[in-house]
Amino acid sequence: MQNDMESKEFIEIIFSYITQISAERFADDILMLLADMGRQLVRADRCTVWVVSKDKKHLWTQVAHGVEHIQIPIDSGIVGEAVMHNKSLIIDDAYSDARFNPEVDKQTGYKTKTLLVIPMHNTEGEIIGAFQVVNKLDGKLFTQDDLRYIMLASTYAAETVTTSILLDEIEQTQKEVVFTMGAIGESRSKETGNHVKRVAEYSYILAKLYGLSEVESLRLKEASPMHDIGKVAIPDAILNKPGSFNIEERLVMNTHAELGYDMLKSSSRALLKAAATVAYEHHEKWDGSGYPRRLAGENIHIYGRITAMADVFDALGSDRVYKKAWEDEKIFELIHKERGKHFDPKLVDLFFEHLDKFLHVREKFTDRFDHE
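Here it is as structure tokens:
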């Protein structure tokens, strides 16, 4: 009868947490729920999900009860033993075990008594970390039954960590591709890679000043290098023409905004969706006189409004095939003049209120050319 009750309780705990986990989107939130579940399944005081660092030299706590971020050498302590030798461990008395590292207890003021540690593996069988529970609440020792219970939580945790690492690598690759493609677009028009770096930094500053969240501000910073990606489809004869365009050439040149949007619009990734918006709307103007859709005011996405301001400020201060760089006084005069016409008035005000930030970025990423 007692075993039936224990089985029933086990199932109820599992289903309770599965319902919560299915509603979460972020890896750390899922892992914390799994840590909570593991702790409840074996009636332990604390649970920690350790992850192997990228350089394979350390273990760090991705989530943990009762402690902040901790990093230790990969071969340190009981968890290091489990990871290095790929074995699950049940420790009845931590301080009587020569492998135990008391440094974490010294840092936290906690007293570890009993431990249960299970290595976590990715789909290729490589060890990516460990799932650890500490101190049975009833004063008893961890058992083989506890090990089986924790195996379930650790398996889900390993899948979550693996997915998180993969998504992080995919996202980092996307960022690198976006920046590289943006730089390629600029290089075709004989502009430097520093142009897209400066526009990215200006965009981030403006986004933060405007009140966008850190997540949105970073997304815009990472997307803005693609603002002129559509230029890769513009003929060189037009793209690099010295002097002014005639009417036909201007019409062709203006298609780059829609061409860039068409290149990116089908992606479901947040970064590339943001880049599509930037490419499409960074030539729209506050008064509705821009292109390609003659949007006006707040009908222009904030990403487009910010990138427009960042792009023009940088373009005016840079040498191009069709002009020399303007002096600052002339640039500032034009931006003042275009307040409420080309540019969002709030962005213009923020720009001048924090002008030192933008000049610092410009100095940091100054174009430097080798002269023969």
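Counting in the numbering used here, the final residue of the sequence shown is number 1550, and the numbers go up one at a time with none missing. Note that beta-carbon positions come from the ideal geometry of N, C-alpha and C, so glycine has one too.
Per DSSP, reduced to three states, the secondary structure at Thr1226 is strand. Approximately 4 Å separates the beta-carbon atoms of Leu1293 and Ile1269; this is inside 8 Å, confirming the contact. Within a 10 Å sphere around the beta-carbon of Phe1530 sit fewer than 16 other beta-carbons, which makes this residue exposed. Linking Glu1259 to Val1339 through their CA atoms gives a straight-line distance of about 20 Å. Restricting attention to Gly1307, Ala1503, Gly1468 and Arg1376, the CA atom closest to the CA of Lys1542 is found in Arg1376. Under the criterion of beta carbons closer than 8 Å, Thr1290 and Ala1272 qualify as touching, at roughly 4 Å. If the five residues before and after Ser1467 are omitted, its C-beta is found closer than 6 Å to no C-beta atom of its own chain. Of all alpha-carbon atoms in Val1430, Met1210 and Met1441, the one lying nearest the alpha-carbon of Ala1336 is that of Met1210.
Ranked by Cα distance from Gly1421, the first of His1434, Lys1502, Glu1392 and Ala1452 is Lys1502. Under the 10 Å beta carbon count, Leu1533 is surrounded by fewer than 16 other beta carbons and is classified as exposed. A Cβ-Cβ separation of about 6 Å places Val1526 in contact with Ile1513 under the 8 Å criterion. Counting C-beta atoms within 10 angstroms of its own C-beta, Gln1249 has fewer than 16 neighbours from the protein chains shown and is therefore classed as exposed. Per DSSP, the continuous beta strand (DSSP E) segment holding Ile1268 begins and ends at Leu1267 to Ile1269.
Three or more Cβ pairs closer than 8 Å define a contact, and the segment 1404-1422 meets that threshold against the segment 1441-1454. Collapsing the DSSP output to three states places His1520 in coil. When the beta-carbon positions are compared, Val1230 and Ile1306 come within less than 8 Å of each other.
Runs of the alpha helix (DSSP H) lying entirely within the segment 1200-1283, each at least 4 residues long, are 1205-1219 and 1255-1263 in chain order.
Within the same chain, Arg1517 come within 6 Å of Pro1523 by CB-CB distance, once the 5 residues on both sides are set aside. Straight-line spacing of the CA atoms in Val1241 and Leu1212 works out to 10 Å. Here DSSP, grouped into helix, strand and coil, assigns Asn1313 to strand.
Counting C-beta pairs with one atom in each stretch, the segment 1444-1460 and the segment 1394-1404 have three or more that are closer than 8 Å, which means they touch. Ile1191 has its alpha-carbon roughly 12 Å from the corresponding atom of Leu1330. Under the three-state reduction of DSSP, Ala1503 is assigned to coil, being neither helix nor strand. With respect to the 8 Å criterion, Lys1519 and Lys1463 are classified as neighbours on the basis of their beta carbons. Between Glu1507 and Gly1482, the C-beta spacing is not below 8 Å. In this model, Ala1222 and Lys1232 are separated by some 30 Å (Cα to Cα).
With contact defined as three or more Cβ pairs closer than 8 Å, the segment 1306-1323 and the segment 1251-1266 are in contact.
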